[in-house]
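Chains as they are written, first to last, in the working numbering: chain A, 11 to 142; chain B, 11 to 142.
Protein chains: 2
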Amino acid sequence: MQLTQYTDYSLRVLIYLGRHQEKLATITEIAEFYRISRNHLVKVVHHLGQCGYIETLRGKNGGIRLARGPQDIQLGQLVRDTEPNFNLAECFDKEKNRCVIVRDCKLQSVLHQAKHNFLATLNNYTLADVLA
Amino acid sequence: MQLTQYTDYSLRVLIYLGRHQEKLATITEIAEFYRISRNHLVKVVHHLGQCGYIETLRGKNGGIRLARGPQDIQLGQLVRDTEPNFNLAECFDKEKNRCVIVRDCKLQSVLHQAKHNFLATLNNYTLADVLA
């Protein structure tokens, strides 16, 4: 069980911005700091903008910054926004499911409950809590 | 966030055996019931045997069956035994980690807590609870 690299990088971007709230940051600067692909970060930053976590100021001295205070970014909601899905088992995707016992199997509801508690635990924390 | 197909198939095998405790089952029969690859199931069944969940009776009329009662198989422990890892973020794997803020980042402990609550939720249930 893993989170995607996409979620990992999203968290890193927000942590970086949370630690440097006094200035505008650039994608290049964040990529160099973490020594990761700038191309990956472009997509991550674009999506974080669409979700309302960060904002972009254009122009010569432009850059990105948090669009809300770190205390207003719940980690469970963030992970929900960045993970492509939480399909713990095949039956979570009704269209792709081929498991023949799906109608009389109680496993799915147990897995849903575990997923819920995973995200609820993360929602007990905000970005502010994980900034050192 | 997904569990592996390997875990999914392990759960299906145990559910099948839990529903047919009156007899010995065969891998071929389980593969045909679920319409999944017999080759995959051979590995799954071998590993479930090594972990003490099922036992194999050899011979002409041999087959496999649960090695314990369904009420003695906790789902969290099972998932722990079948998932290759729970490396939610890169920093969970000390050898492969390249994240530069690992020493002063509080995210890992929050993710560990979420993982713990995920597995603890599953451990509130046994195989007996998910048999219809």
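Glycine included, every Cβ here is placed at the ideal spot set by N, Cα and C.
Where residue i meets chain B, residues with beta-carbon distance less than 8 Å
i               : result
Leu98 (chain A) : Met11, Gln12 and Leu13
Any C-beta of chain B under 8 Å from that of residue i
i                : result
Val55 (chain A)  : no
Tyr135 (chain A) : yes
Leu85 (chain A)  : yes
Chain-ordered neighbours of residue i on chain B, where CB pairs are closer than 7 Å
i                : result
Val140 (chain A) : Cys115, Lys116, Leu117 and Val120
Ile202 (chain A) : The structure shown does not extend to residue 202 (chain A), since chain A is modelled only from 11 through 142, so no value can be given for it.
Glu93 (chain A)  : Met11
Nearest-angstrom beta carbon gap, residue j and residue i [assumed within contact, 8 Å]
i                : j                : result
Leu24 (chain A)  : Ile40 (chain A)  : In fact, because the Cβ distance is near 10 Å, the residues do not count as touching under 8 Å.
Glu100 (chain A) : Arg108 (chain A) : 7 Å
Leu132 (chain A) : Gly86 (chain A)  : 4 Å
Leu141 (chain B) : Val89 (chain B)  : With 8 Å as the limit, Leu141 (chain B) and Val89 (chain B) do not qualify as a contact, their Cβ atoms being about 17 Å apart.
Leu98 (chain A)  : Leu129 (chain A) : Not quite, the Cβ-Cβ distance comes to about 12 Å (not below 8 Å), so this is no contact.
Leu137 (chain A) : Pro94 (chain A)  : Contact doesn't hold; Cβ gap of about 21 Å is too wide.
Thr92 (chain B)  : Tyr16 (chain B)  : 6 Å
Leu34 (chain B)  : Gly72 (chain B)  : 7 Å
Val55 (chain B)  : Ile74 (chain B)  : 6 Å
Asp139 (chain A) : Lys116 (chain B) : 7 Å
Residues that residue i contacts on chain A, provided the C-beta gap is smaller than 7 Å
i                : result
Ala124 (chain B) : Phe128, Thr131 and Leu132
Chain A within 8 Å of residue i, Cβ atoms only
i                : result
Tyr16 (chain B)  : no
Cys109 (chain B) : yes
Cβ shell of residue i (< 7 Å), same chain only, five flanking positions each side left out
i               : result
Arg48 (chain B) : Ile37, Thr38 and Ala41
Ile46 (chain B) : Tyr19
Partners in chain A for residue i, counting only beta-carbon separations shorter than 8 Å
i               : result
Glu39 (chain B) : Chain A residues near Glu39 (chain B): none, gap ~13 Å exceeds 8 Å.
Arg22 (chain B) : Cys109 and Ile111
Ile25 (chain B) : Ile111, Cys115 and Leu117
Sheet register partners of residue i (DSSP bridge)
i                : result
Ala35 (chain A)  : A:Ile74
Thr136 (chain B) : B:Gln84
Gln12 (chain B)  : A:Gln12
Leu67 (chain A)  : A:Gly73
Cut-off 8 Å between Cβ atoms - residues of its own chain near residue i, not counting five sequence neighbours on either side
i                : result
Lys106 (chain B) : Glu100
Gln147 (chain B) : Nothing about residue 147 (chain B) can be reported from this structure: the residues present for chain B run from 11 to 142 only.
Close Cβ partners of residue i (< 6 Å) along its chain, the five nearest in sequence each way excluded
i               : result
Glu65 (chain B) : Ala77
Cys61 (chain B) : Asp91
Phe96 (chain A) : Lys125
Chain-ordered chain A contacts of residue i [CB-CB under 9 Å]
i               : result
Tyr44 (chain B) : Arg108, Cys109, Val110 and Ile111
Min CB distance residue i to chain D below 8 Å
i                : result
Val140 (chain B) : In the structure shown, chain D cannot be found, because the protein chains are A and B.
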